[in-house]
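Asks: This is the structure I have questions about; it appears just below.
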Amino acid sequence: VVSTQSTGISAECLPLESEYADDVYFMDEDPEALKNILPVATSVLKEWSLNVNEQKTEFVRVFLAGKDETDSHGVKISGNEPWRSTKQLGSLMCSTRDILRRIQLGNVAFANFSKIWLQGRKISLKRKLQVYEAQVVSVLMYGACSWSAPKHIFEKLNTCHRRHLRSILNVRWPHVMTNKTLYGICEATPLTDRVDLARWTMLEHVLRLPENSPAAVALSYALDGCQVYKSRRGRHQTNLFNTIKLDLSERGFKLECLNDLYVVRDRAKKRTEWKELF
694 VVSTQSTGIS
704 AECLPLESEY
714 ADDVYFMDED
724 PEALKNILPV
734 ATSVLKEWSL
744 NVNEQKTEFV
754 RVFLAGKDET
764 DSHGVKISGN
774 EPWRSTKQLG
784 SLMCSTRDIL
794 RRIQLGNVAF
804 ANFSKIWLQG
814 RKISLKRKLQ
824 VYEAQVVSVL
834 MYGACSWSAP
844 KHIFEKLNTC
854 HRRHLRSILN
864 VRWPHVMTNK
874 TLYGICEATP
884 LTDRVDLARW
894 TMLEHVLRLP
904 ENSPAAVALS
914 YALDGCQVYK
924 SRRGRHQTNL
934 FNTIKLDLSE
944 RGFKLECLND
954 LYVVRDRAKK
964 RTEWKELF
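In this text, residue positions in the sequence shown follow the working numbering: the first is 694, and each later residue adds one.
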């Protein structure tokens, strides 16, 4: 259930709320309204034997700071807004920070299995790569379907991946191996290619969902918002919606209005044809 209204969008074209499993997020432009919701939600959910920990409840303001905006200590806020470090469903809200955090967690996971990588021929390369895929790549790629970040951030992900593979193969200086040879021996591909595939697959799932489902409502809201609200001045920041639009444009689709969305949605219903587009 998204909200008490079937559309999930207010008359002002704003999403009313979003829910996932036992996590509930309420959104509003007025922070006082959200503070008033907390005791009411606590009381109502308690009737369903669902306890709300008010001390762990977070209030997050999502905004983009101005170029010269500073905090009380005179430090520039732009690019360091507090919401970027807020975690939701295991991922940080800012894709750039989430990817960098995933790289750190991936390095820790890789180090935890160092004894396996150092076993030499006692463990076959195929088995090592299977362990690496299950225990490390799964950490690196968590939440990848919703990532949208600059290219140099994604390249750091690829660099981390290749460094792990070279360590598994015990390729060290002064011995060198080209990236192409490395991927060929390990039968692997750059993680960025897998990120693109995960995002394309995620888009297919969203397009096939009922129109009143949370993800479908969010996509419709983003499309309507581009027409209702004026964009900020200056260079647009990388975001998931624009990345999806770029993915579609590269395959001959446009996403500028609801009619375009209906066309894309009809194509997504044909699974075989949709997969052939990637």
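No residue lacks a Cβ here, since even glycine has one placed at the ideal position from N, Cα and C.
Bear in mind the structure is a predicted one, so any value in this text is a computation, not a measurement.
Within the same chain, show all residues whose beta-carbon is closer than 7 Å to that of D875, passing over the 5 residues directly before and after it, in chain order.
Replies: Within the sequence shown, residue 875 is the residue found at index 182, counting from 1. Per the sequence presented here, residue 875 reads as Leu, with Asp not at that position. R855, L858 and R859, listed in sequence order.
Asks: Roughly how many angstroms lie between the CA atoms of I846 and L793, to the nearest whole one?
Replies: In the sequence shown, residue 846 corresponds to position 153, counting from 1. In the sequence shown, residue 793 corresponds to position 100, counting from 1. Taking the straight line joining both Cα atoms gives about 8 Å.
Asks: Going by DSSP, what residue range makes up the beta strand (DSSP E) through D716?
Replies: Here the question's residue 716 lines up with position 23 in the sequence shown. Taken as a continuous stretch (DSSP letters only), the beta strand (DSSP E) holding D716 covers D716 to F719.
Asks: Please name the residue, chosen from L912, L822 and V717, that lies closest to S839 on a Cα-to-Cα basis.
Replies: Position 146 of the sequence shown, counted from the start, is the residue given in the question as residue 839. Of L912, L822 and V717, the residue nearest in Cα terms is L912.
Asks: Looking at V829: is its Cβ nearer than 8 Å to the Cβ of F803?
Replies: Here residue 829 refers to the residue found at position 136 of the sequence shown. Here residue 803 refers to the residue found at position 110 of the sequence shown. Yes, the Cβ-Cβ distance between V829 and F803 is below 8 Å.
Asks: Using the Cβ count rule (16 or more neighbours within 10 Å means buried), how would you classify S788?
Replies: As a position in the sequence shown, residue 788 is number 95, starting the count at 1. Under this definition S788 is a buried residue.
Asks: If distances are taken between C-alpha atoms only, which option among I878, A758, D723 and E826 comes closest to R926?
Replies: Here residue 926 refers to the residue found at position 233 of the sequence shown. The option with the nearest alpha carbon to R926 is A758.
Asks: What residue range does the alpha helix (DSSP H) around R857 cover?
Replies: Along the sequence shown, read from residue 1 onward, the residue named residue 857 stands at position 164. Per the sequence shown, residue 857 should be read as His rather than Arg. Residues K844 to L862.
Asks: Can you tell me where the alpha helix (DSSP H) holding C838 begins and where it ends?
Replies: In the sequence shown, counting from the first residue as 1, residue 838 sits at position 145. That residue, C838, is in no alpha helix (DSSP H); it is neither H nor E in DSSP.
Asks: For S771, I'd like the list of residues in its chain whose CB is within less than 7 Å of its CB, leaving aside the five on either flank, ordered along the chain.
Replies: Against the sequence shown, residue 771 aligns to sequence position 78. A758, G759, K760 and E762, listed in sequence order.
Asks: First and last residue of the alpha helix (DSSP H) that includes Y825?
Replies: One-based indexing of the sequence shown puts residue 825 at position 132. Start and end: L818 to Y825.
Asks: Please report the distance separating the alpha-carbon of K819 from that of K808.
Replies: For the purposes of this step, residue 819 is taken as the residue at position 126 of the sequence shown. For the purposes of this step, residue 808 is taken as the residue at position 115 of the sequence shown. Spanning the two alpha carbons is a distance of roughly 16 Å.
Asks: Once DSSP output is grouped into helix, strand and coil, what is the label at T882?
Replies: Taking the first residue of the sequence shown as 1, we reach residue 882 at position 189. In the structure shown, T882 sits in coil (DSSP, three-state: anything other than H, G, I, E or B).
Asks: So, at 7 Å on beta carbons, what are the nonlocal neighbours of N872 in its own chain, with the 5 sequence-adjacent residues on each side left out?
Replies: Along the sequence shown, read from residue 1 onward, the residue named residue 872 stands at position 179. Here the set comprises R855.
Asks: Fully enclosed by the region 879-937, which alpha helix (DSSP H) runs are 4 residues long or longer?
Replies: Counting only runs of 4 or more, we get 884-901 and 907-921.
Asks: Who are the Cβ neighbours of M895 in its own chain at under 6 Å, not counting the five residues just before and after it?
Replies: For this step, residue 895 is matched to residue 202 along the sequence shown. For M895, where only same-chain residues beyond five positions count, the Cβ hits under 6 Å are C838.
Asks: Can you give the Cα-Cα distance for D889 and E774, rounded to whole angstroms?
Replies: The sequence position of residue 889 within the sequence shown is 196, counting from 1. The sequence position of residue 774 within the sequence shown is 81, counting from 1. The alpha-carbon atoms of D889 and E774 are separated by roughly 27 Å.
Asks: To the nearest angstrom, how far is it from the Cα of R795 to the Cα of K844?
Replies: To locate residue 795, count along the sequence shown from 1; it is residue 102. To locate residue 844, count along the sequence shown from 1; it is residue 151. Going by the C-alpha atoms only, they are around 16 Å apart.
Asks: To the nearest angstrom, how far is it from the Cα of S906 to the Cα of G783?
Replies: Numbered from 1 along the sequence shown, position 213 holds the residue referred to as residue 906. Numbered from 1 along the sequence shown, position 90 holds the residue referred to as residue 783. Going by the C-alpha atoms only, they are around 21 Å apart.
Asks: Would the beta-carbon of K947 fall within 8 Å of that of D940?
Replies: Counting from one through the sequence shown, the residue named residue 947 turns up at place 254. Counting from one through the sequence shown, the residue named residue 940 turns up at place 247. For K947 and D940, no; Cβs fall outside 8 Å.
Asks: Quick check: the Cα distance between F934 and M870, rounded to an integer number of angstroms?
Replies: Counted from its first residue, the sequence shown places residue 934 at position 241. Counted from its first residue, the sequence shown places residue 870 at position 177. Each residue's alpha carbon lies about 37 Å from the other.
Asks: What number of angstroms, rounded off, separates the C-alpha of V755 from the C-alpha of D917?
Replies: The residue labelled residue 755 in the question sits at position 62 within the sequence shown. The residue labelled residue 917 in the question sits at position 224 within the sequence shown. The straight-line gap from Cα to Cα measures roughly 19 Å.
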